[in-house]
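Scroll down for the structure; my scribbles are underneath it.
Residue numbers (the working numbering): 21 to 166.
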(Lines of atoms letter the chains of each structure in order from A and count residues from 1; the text may use other names and numbers.)
(Lines give C-alpha, C1' and ligand atoms only; values in the text may rest on other atoms or scores of the structure.)
Protein backbone atom coordinates (compact mmCIF):
# COMPACT_ATOMS: atom_id res chain seq x y z
CA UNK A 1 0.00 0.00 0.00
CA UNK A 2 1.36 3.42 -0.94
CA UNK A 3 1.96 5.99 1.81
CA UNK A 4 -0.93 8.47 2.12
CA UNK A 5 -0.59 11.87 0.48
CA UNK A 6 -3.95 13.46 1.33
CA UNK A 7 -2.96 16.31 3.62
CA UNK A 8 -6.11 16.12 5.77
CA UNK A 9 -5.63 12.41 6.44
CA UNK A 10 -1.92 12.84 7.13
CA UNK A 11 -2.53 15.63 9.65
CA UNK A 12 -5.45 13.78 11.27
CA UNK A 13 -3.39 10.59 11.68
CA UNK A 14 -0.23 12.29 12.96
CA UNK A 15 1.20 10.74 16.12
CA UNK A 16 0.32 13.02 19.03
CA UNK A 17 2.48 11.60 21.80
CA UNK A 18 5.54 9.41 22.29
CA UNK A 19 7.41 7.79 25.09
CA UNK A 20 11.02 6.83 25.55
CA UNK A 21 12.23 3.80 27.47
CA UNK A 22 15.48 4.51 29.26
CA UNK A 23 17.32 1.25 29.90
CA UNK A 24 20.09 0.50 32.36
CA UNK A 25 21.69 -2.63 33.76
CA UNK A 26 20.07 -2.76 37.16
CA UNK A 27 22.93 -4.78 38.71
CA UNK A 28 25.41 -2.08 37.66
CA UNK A 29 25.18 0.66 40.29
CA UNK A 30 26.93 3.29 38.16
CA UNK A 31 24.58 2.67 35.20
CA UNK A 32 21.56 2.79 37.53
CA UNK A 33 22.84 6.04 39.04
CA UNK A 34 23.48 7.55 35.59
CA UNK A 35 19.96 6.65 34.45
CA UNK A 36 18.47 8.33 37.52
CA UNK A 37 20.65 11.41 37.02
CA UNK A 38 19.40 11.66 33.44
CA UNK A 39 15.78 11.41 34.67
CA UNK A 40 16.41 14.12 37.30
CA UNK A 41 17.99 16.39 34.67
CA UNK A 42 14.92 15.98 32.43
CA UNK A 43 12.69 16.84 35.40
CA UNK A 44 14.69 20.01 36.12
CA UNK A 45 14.60 21.06 32.47
CA UNK A 46 10.85 20.47 32.34
CA UNK A 47 10.42 22.57 35.50
CA UNK A 48 12.54 25.35 33.96
CA UNK A 49 10.49 25.34 30.72
CA UNK A 50 13.02 23.82 28.32
CA UNK A 51 10.46 21.30 27.04
CA UNK A 52 7.45 19.24 28.02
CA UNK A 53 8.45 15.77 29.19
CA UNK A 54 7.04 13.62 31.94
CA UNK A 55 9.39 11.01 33.39
CA UNK A 56 7.31 8.42 35.17
CA UNK A 57 8.48 8.08 38.74
CA UNK A 58 8.25 4.29 38.74
CA UNK A 59 11.70 2.96 38.05
CA UNK A 60 11.76 -0.73 37.20
CA UNK A 61 14.81 -2.11 38.96
CA UNK A 62 14.15 -5.57 37.53
CA UNK A 63 12.88 -6.76 34.17
CA UNK A 64 9.26 -5.68 33.74
CA UNK A 65 6.89 -6.89 31.04
CA UNK A 66 8.73 -6.95 27.71
CA UNK A 67 11.68 -4.95 29.06
CA UNK A 68 14.62 -7.26 29.77
CA UNK A 69 16.55 -4.93 32.11
CA UNK A 70 16.01 -1.96 34.43
CA UNK A 71 14.02 0.85 32.85
CA UNK A 72 11.72 3.82 33.19
CA UNK A 73 9.62 5.83 30.76
CA UNK A 74 9.52 9.46 29.70
CA UNK A 75 6.28 10.62 28.06
CA UNK A 76 6.56 13.42 25.47
CA UNK A 77 3.96 15.23 23.35
CA UNK A 78 4.81 15.45 19.65
CA UNK A 79 5.41 19.21 19.95
CA UNK A 80 8.54 18.68 22.06
CA UNK A 81 9.66 15.29 20.71
CA UNK A 82 12.66 16.63 18.78
CA UNK A 83 13.94 18.71 21.72
CA UNK A 84 13.70 15.81 24.17
CA UNK A 85 15.09 13.27 21.70
CA UNK A 86 18.01 15.58 20.93
CA UNK A 87 18.70 16.13 24.64
CA UNK A 88 18.61 12.41 25.42
CA UNK A 89 20.88 11.55 22.49
CA UNK A 90 23.43 14.20 23.43
CA UNK A 91 23.45 13.61 27.19
CA UNK A 92 23.06 9.86 27.56
CA UNK A 93 26.57 9.53 28.95
CA UNK A 94 27.83 5.96 29.12
CA UNK A 95 24.36 4.47 29.07
CA UNK A 96 24.63 3.42 25.45
CA UNK A 97 26.41 3.20 22.17
CA UNK A 98 25.82 1.29 18.93
CA UNK A 99 26.02 -2.00 20.76
CA UNK A 100 23.41 -1.59 23.46
CA UNK A 101 20.65 1.00 23.05
CA UNK A 102 19.53 2.18 19.67
CA UNK A 103 16.65 4.17 18.26
CA UNK A 104 14.69 2.13 15.76
CA UNK A 105 11.57 2.73 13.75
CA UNK A 106 10.13 -0.72 13.29
CA UNK A 107 11.85 -3.99 14.24
CA UNK A 108 15.52 -3.77 15.07
CA UNK A 109 18.24 -5.61 13.21
CA UNK A 110 21.45 -7.01 14.61
CA UNK A 111 24.32 -4.67 13.77
CA UNK A 112 27.61 -5.83 12.32
CA UNK A 113 29.84 -3.83 14.66
CA UNK A 114 33.00 -5.12 12.99
CA UNK A 115 32.45 -2.52 10.26
CA UNK A 116 32.75 0.41 12.67
CA UNK A 117 36.05 2.19 13.12
CA UNK A 118 37.91 1.87 16.39
CA UNK A 119 36.34 3.93 19.14
CA UNK A 120 37.61 7.45 19.34
CA UNK A 121 36.74 10.63 21.20
CA UNK A 122 36.73 12.37 17.84
CA UNK A 123 33.53 11.71 15.94
CA UNK A 124 33.95 12.65 12.28
CA UNK A 125 31.33 14.80 10.63
CA UNK A 126 28.77 12.50 9.07
CA UNK A 127 27.57 15.19 6.66
CA UNK A 128 30.40 17.76 6.33
CA UNK A 129 28.23 20.06 4.22
CA UNK A 130 25.89 20.50 7.22
CA UNK A 131 28.78 21.27 9.63
CA UNK A 132 27.21 19.14 12.34
CA UNK A 133 28.25 15.84 13.86
CA UNK A 134 25.46 13.44 14.67
CA UNK A 135 25.41 11.45 17.95
CA UNK A 136 26.67 7.90 17.72
CA UNK A 137 23.51 6.32 19.12
CA UNK A 138 20.62 6.81 21.48
CA UNK A 139 19.86 5.79 25.02
CA UNK A 140 16.42 4.72 24.31
CA UNK A 141 13.84 2.94 22.37
CA UNK A 142 11.08 5.02 20.85
CA UNK A 143 7.55 3.75 21.01
CA UNK A 144 4.61 5.20 19.14
CA UNK A 145 1.47 5.78 21.18
CA UNK A 146 -1.78 5.95 19.23
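Built from N, CA and C at the ideal position, the CB exists for glycine as well. Quick caveat: nothing in here was measured; it's all calculated off a predicted structure.
Item, Value
"Neighbourhood of residue 101 by C-beta distance below 8 Å, restricted to the same chain and skipping five residues each side", "38"
"Proximity winner among 41, 83, 35 and 23, relative to residue 92 (alpha-carbon distances)", "41"
"DSSP state of residue 52 mapped onto helix, strand, coil", "helix"
"DSSP three-state assignment for residue 93, whether helix, strand or coil", "strand"
"DSSP-derived helix/strand/coil call for residue 104", "helix"
"Coarse secondary structure for residue 37, derived from DSSP in three states", "strand"
"Alpha carbon of residue 97 to alpha carbon of residue 66, nearest angstrom", "12 Å"
"DSSP bridge partner residues for residue 87 (one or two, in chain order)", "84"
"Rounded C-alpha distance that separates residue 103 from residue 21", "32 Å"
"Buried versus exposed, by CB contacts within 10 Å (16 or more), residue 75", "buried"
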